[in-house]
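Asks: Dropping a structure here in C-alpha cells format, bear with me for questions.
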Amino acid sequence: MSGLIRNVLTILLALCRYRFGGHSTGVSDRLDCHFWVTPWDAGIRILKSDAYLQLAEAAQFDFVIRTGLLRPMLSNGTAFVNVSQLISFMKPVRLFQRVRVSSGILFSDDKCAYFSHEIYVGDVVHAEVLVKMKFKRGRVTVEPYALLQTRFGERPAQLLAWDQTLQAMAAVHQVPS
Numbered sequence: 002m003s004g005l006i007r008n009v010l011t012i013l014l015a016l017c018r019y020r021f022g023g024h025s026t027g028v029s030d031r032l033d034c035h036f037w038v039t040p041w042d043a044g045i046r047i048l049k050s051d052a053y054l055q056l057a058e059a060a061q062f063d064f065v066i067r068t069g070l071l072r073p074m075l076s077n078g079t080a081f082v083n084v085s086q087l088i089s090f091m092k093p094v095r096l097f098q099r100v101r102v103s104s105g106i107l108f109s110d111d112k113c114a115y116f117s118h119e120i121y122v123g124d125v126v127h128a129e130v131l132v133k134m135k136f137k138r139g140r141v142t143v144e145p146y147a148l149l150q151t152r153f154g155e156r157p158a159q160l161l162a163w164d165q166t167l168q169a170m171a172a173v174h175q176v177p178s
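Heads up, the numbering used here is the position in the sequence shown plus 1, with the first residue counted as 1.
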C-alpha cells in the first residue's frame, strides 16, 4: 500500500513541477527526487529489498513526467513495461532516513531503454537499481527512439554483462520441444 501512496504523491508532485516549473530537462539528463523511508518500507530497522524497487518505480514515474515523455506516451497509447530489474546493494538504508534517487537513461537500443536509479543517503550511494524496460502500444514494442528522440552512445559494459546473463538464464529455462 505504501508503494501505491508513494506513486500517487510522486505523480502529483512531478505534474506540478512539470506544469509550473517548466521542463528544461531532457531525457539524457539525470533527475533527482527525494523520499523518506517509512515503517511500511522497512523490516525492523532497514529498507526491505522490495522497497528499493518501489523507490525506483516512483522515480521512473517522476522521470517520465518531468522530461515531458508522458504527453506523447498518452497521446499514442504507449505504456512502459519493465522487462528486468537488477539491484546492487552497497550500504543499508535505515528507517526514517531521507533518500535521494538519481534517475537517468543509460542506454537504449531498438527495443529497450535502460534506466539507472542510484539511491543516495546524503552524498553516499547506498544502492543502484537498473531497469530494462520496453515501451509498448498494445502488444507492439515501440522503438525507444520514437519517444526519446535521443541516441545514446555505446552500451555500457555493465549492461552488456547483464544482457549476457539474461540470455544465459533464458537458455537454461527453455522447455525442450
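For each residue, glycine too, the CB sits at the ideal point set by N, CA and C. Note that this is a predicted model, so its numbers are computed, not measured.
Cα separation between Ala114 and Thr142?
Replies: Looking at the two C-alpha atoms, the distance is approximately 12 Å.
Asks: So Arg95 and Val38 are supposed to be a Cβ contact under 8 Å. How far apart are they, rounded?
Replies: The Cβ separation is near 7 Å, so the contact holds.
Asks: Where does Phe153 fall in DSSP's three states?
Replies: Correct three-state label for Phe153: coil.
Asks: Below 8 Å on the Cβ atoms is my contact criterion, and I expect Met91 with Phe116 to pass it. Report the Cβ-Cβ distance as a whole number of Å.
Replies: Contact flag wrong, Cβ pair sits at about 18 Å.
Asks: Please classify Pro145: is it buried, with 16 or more other beta-carbons within 10 angstroms of its beta-carbon, or exposed?
Replies: That one is buried.
Asks: Would you check if the region 118 to 130 and the region 165 to 175 touch, i.e. whether three or more CB-CB distances between them fall below 8 Å?
Replies: No: the two stretches stay apart, fewer than three of their Cβ pairs being nearer than 8 Å.
Asks: Start and end of the beta strand (DSSP E) containing Val173?
Replies: Counting along the chain, Val173 falls outside any beta strand (DSSP E), though it belongs to the alpha helix (DSSP H) covering 158 to 173.
Asks: Would you list the one or two residues that DSSP bridges to Trp37?
Replies: In DSSP, Trp37 forms a bridge with Arg99.
Asks: What runs of the beta strand (DSSP E), each 3 residues or longer, lie entirely inside the region 59 to 101?
Replies: List check, beta strand (DSSP E) in window: 80 to 90.
Asks: If you drop the 5 nearest sequence neighbours on each side, which residues of the same chain put their C-beta closer than 6 Å to that of Ser103?
Replies: So the list reads Arg31, Asp33, Glu119, once near-sequence residues are dropped.
Asks: When the Cα of Arg140 is compared with those of Ala59, Phe81, Leu107, Asp110, which residue comes out closest?
Replies: For the residues Ala59, Phe81, Leu107, Asp110, the minimum Cα distance to Arg140 belongs to Phe81.
Asks: Span of the beta strand (DSSP E) holding Ala43?
Replies: First-last for Ala43: undefined, no H or E at that position.
Asks: Measure the alpha-carbon distance for Gln165 versus Ala158 and round it to whole angstroms.
Replies: For Gln165 and Ala158, the distance between alpha carbons rounds to 11 Å.
Asks: Please name the residue in Gly105, Val84, Ala59 whose C-alpha comes closest to that of Leu149.
Replies: Among Gly105, Val84, Ala59, the Cα nearest to that of Leu149 is on Gly105.
Asks: According to DSSP, is Gln139 part of a helix, a strand, or is it coil?
Replies: A quick correction: the sequence has Gly, not Gln, at residue 139. Coil at Gly139, not helix or strand.
Asks: Based on the DSSP output, what are the partners of Lys133 in its beta bridges?
Replies: Answer is Ser85, Tyr115.
Asks: Take the Cβ of Asp63 as the centre, count every other Cβ of all protein chains shown within 10 Å, and call the residue buried at 16 or more, exposed below.
Replies: Asp63 comes out buried.
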